[in-house]
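**Q**
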Amino acid sequence: MEAKAIQLTKSIDDVPYKDYGKYDQLLAEIEAFDIDLNEAYPWPTYLSELLNAAHRKLHSSTADDPFAFGPRRGQLIKKWDRLQVRAVGNAWSRRFPRLGHAAPLPVEMVSAIASNHVADTHSTPQKMWREQTDFLINFALVCKTWTRVAREMLYRGCIRLYSPVSVENLHRTLSSDIPGPRPILDLIMGPFIYPSKTVQLLTLCTSLEVLEISSADLDYSKGGFPDDFVHLHELRLSGVNLRMLASLITRCPNLRTLRVDDFQNFSGRPRPFRSGGPPHGDSFSDIPQPCYNLRELYLKDGMLTEEQALWLFSSSSGTLERASLRGIYSPALPSILKSSVKFLQLEEAEMNNAPLAATLREYTSLEALCLVGSDWPWASLFTGMTQPLRELSISWSPAGFAALEQHSGRPSIRSISTFFRDPAVERLAEVEAHPIARQLKDICTAGAVMLHWFSIPESSVLPMTPFQFDWT
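Last residue of the sequence shown? That's 666 in the numbering used here, and every number before it is there in order.
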C-alpha cells in the first residue's frame, strides 16, 4: 500500500512565543491533521516529537497567551493525546496484523496471546509492570475483540497507584461504571495520597483480593469503607497505626496473609519504655475481634502488648503456619502461635537476643527456622529444642557455624542455608574457606544434608531460602 506522509511547515518550538500569527497557522495545520487506522502506512517519525512539543507549549502557556485558557487549548490537548494513542496503536498493529472479518481469532486464542506476554502478580517489578501495562494498552488498539480481552486483563492484574492523580483517574473510571463497577482484584497504593481520596476509591473496590497501602494518616475507623472486604485474602500495610487498622481488619473475614511494616501500637504521646519490660499500647477492647484464620504473618519493626497480640492473632492460633517476625518486640506472641507455626523467621528486636532465643522452644511444630543477624546466644540456642527441624538458615558468623556444626547431626535436618551481607560479593570464597565452614561442609556431605551459601550486597533484600520464605 502506498505510504502517506504529511509535511508540517516547521517545529512548534521554532515559532517565537509572541508570534501569534505563525503560532496560529501552525496550530491550525496540526488541527487539520488526522490519520485513518483502516489504512496501513508508516507513522511520520517527527510527528510524535512535534505533538509532545506542542503539548508542552500549551501546558506552559501564560495568561497573556490567547490560547492559554480558551476552549481551543483544551480541544487541542485532547486531540494530541488521542493522536499519540492512535499512533502507538498503528505501530503495534504491524506486530499484531489487523484481522479481516472472514477469519477472526477465537477469544480464547486472543486471551492466550495476551496472557503469554502478561504474567502480572503482586511481586512483579515496577519496570516490568509498566512494560506489561503498555503492552496491554497497545494490544487493545488492534481491534474490538482484542480490546475486550485487554480491558479485562488490565483491571484483573495488579494496579499500582503512586500519585493523587492516578487515584483520581481510577476513581473517575470506576464511578462511571456504577451501578456495576469493573472488579479491581489487586491494588497497591503508595504514600503521599490524600486519605479522603483513598477512602473514596476503596469504596468502589469491593472485589479486592490483595491490597497494599502505605499511609500513616488513613483512619480506617471512619465511615466510607465497605462493610466487608469478603474477597480480601492478602493485606499489606506500612507506616500505620494499629488502632486505626483494627477497624479495617474486622471487615476481612477471609484474610489469609497479613503483612505490617513499621507500625505504631499507640495513639498520642508514647510512654517511656524500659528494655525487657512489658510494652505499652492502645487497648482494642471496644472493637469487635477479627474472625479471620491467618495462614501467613509478616511483621516488621514494632511492639505488641499481650492484649493486642491476643486480639490480633488468637483466632489464628491453630491455622497460622508461616511467621516472619523482624524487629518485633512482643513477649506474648510466641505463646499464641506456638502450636501451629511450621516456618519461622526471626530478627533481633533488642540488643540482647537471649529472651527471643528462649522462645524457640515454644514453637512445638517448627520445621524450618531462619535467624537473621549474628548476635545470638549460639552456644545455648538449640539446647532443649526437640522439634523435628528439617531446614535451618542463619546469618554468617563463626559462632553460628559452630552451632550449626553441632546441630547438623540431627536426623531430621535436610537443608542448611547460610547468608551474609557484604558489599564485596567475592568474599563468599573467603567464607567458604573458613575452617569452621569447611568442617560444616564435611559434616553435611557425610550426612546427605544440603548446604546453601548466599552472599548479597548490603542494600539488597535477603534471598529466598529453600523453604520459600518471603524476604521482602
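Quick reminder that beta carbons are idealized off the backbone N, C-alpha and C, glycines included.
1. Determine the direct distance from the alpha carbon of Leu491 to that of Gly512, and round the result to whole angstroms.
2. Is it buried or exposed, Val361, if we count other Cβ atoms within 10 angstroms and call 16 or more buried?
3. Starting from the C-beta of Arg191, find all residues in its chain whose C-beta is less than 7 Å away, skip the five residues before and the five after it, and write them out in chain order.
4. By the 10 Å Cβ neighbour count, where 16 or more other Cβ atoms means buried, how is His365 classified, buried or exposed?
5. Taking only runs of the alpha helix (DSSP H) that begin and end inside the region 521–561, which ones reach a length of at least 4 residues, in chain order?
6. Mind checking whether Ser568 and Ser534 have CB atoms under 7 Å apart?
7. Go through its chain and collect everything with a Cβ distance to Thr577's Cβ below 8 Å, but skip five positions before and after it.
8. Of all the options Glu599, Phe595, Glu585, Glu624, which has the alpha carbon lying nearest to the alpha carbon of Ser606?
9. Only counting the same chain, and skipping five residues up and downstream in sequence, which positions put a Cβ closer than 6 Å to that of His646?
10. Under 6 Å Cβ to Cβ from Pro377, same chain only, skipping five residues before and after it: list those, please.
11. Pick helix, strand or coil for Trp647, following the three-state DSSP scheme.
12. List the endpoints of the continuous alpha helix (DSSP H) containing Tyr349.
13. Would you kindly report the start and end of the unbroken alpha helix (DSSP H) that includes Met438?
14. Taking the Cβ atom as the reference point for each residue, do Ile536 and Glu515 lie within a distance shorter than 7 Å?
15. How far does the alpha helix (DSSP H) with Glu500 in it reach, from first residue to last?
16. Just confirm the distance between the C-beta atoms of Val454 and Arg520, as a whole number of angstroms; I'd bet it's less than 8 Å.
17. By the 10 Å Cβ neighbour count, where 16 or more other Cβ atoms means buried, how is Pro497 classified, buried or exposed?
18. Distance, Cα to Cα, Leu488 vs Leu442?
19. So who's on the other strand from Cys564, going by DSSP bridges?
20. What's the C-alpha gap between Thr558 and Glu542?
21. Would you kindly work out how many angstroms separate the C-alpha atoms of Asn332 and Arg342, rounded to a whole number?
22. Between which residues of its own chain and Trp572 is the CB-CB distance below 8 Å, once the five residues before and five after are set aside?
23. Find the nearest neighbour of Pro472 within the set Arg450, Arg445, Ser509, Pro525, judged by alpha-carbon distance.
24. Can you give me the C-alpha to C-alpha distance between Arg437 and Arg350, rounded to a whole angstrom?
25. Give every residue of the same chain whose Cβ lies closer than 8 Å to the Cβ of Val304, excluding the five residues on either side of it in the sequence, and list them in chain order.
26. Would you check if the distance between the CB atom of Lys531 and the CB atom of Tyr486 is smaller than 7 Å?
27. Can you find the residues in the same chain that come closer than 8 Å, C-beta to C-beta, to Val312, ignoring five residues on each side of it along the sequence?
28. Can you name the residues that DSSP bridges to Leu598?
**A** Walking through what the data contain:
1. 13 Å
2. buried
3. What the structure shows of the chain is the stretch from 195 to 666, and residue 191 is not part of that stretch, so it cannot be assessed.
4. buried
5. 527–531, 548–552
6. no
7. none
8. Glu585
9. Ser611
10. Ser401
11. strand
12. 338–350
13. 436–443
14. The amino acid occupying residue 536 in the given sequence is Lys; Ile does not appear at that position. Taking 7 Å as the Cβ cut-off, Lys536 and Glu515 qualify as a contacting pair.
15. 500–507
16. So it is not a contact: roughly 11 Å between Cβ atoms.
17. The residue asked about is misnamed: residue 497 is Met in this sequence, not Pro. Classification for Met497: buried.
18. 15 Å
19. Gln539, Ser587
20. 21 Å
21. 13 Å
22. Ser591, Ala593, Gly594, Ala596, Ala597
23. Pro525
24. 31 Å
25. Thr339, Trp340, Val343
26. Looking at the sequence provided, one finds Leu at residue 531 rather than Lys. Cβ distance not < 7 Å, so Leu531 and Tyr486 don't count as in contact.
27. Gln326, Phe329, Leu330, Met347, Gly351
28. None; Leu598 has no bridge partner.
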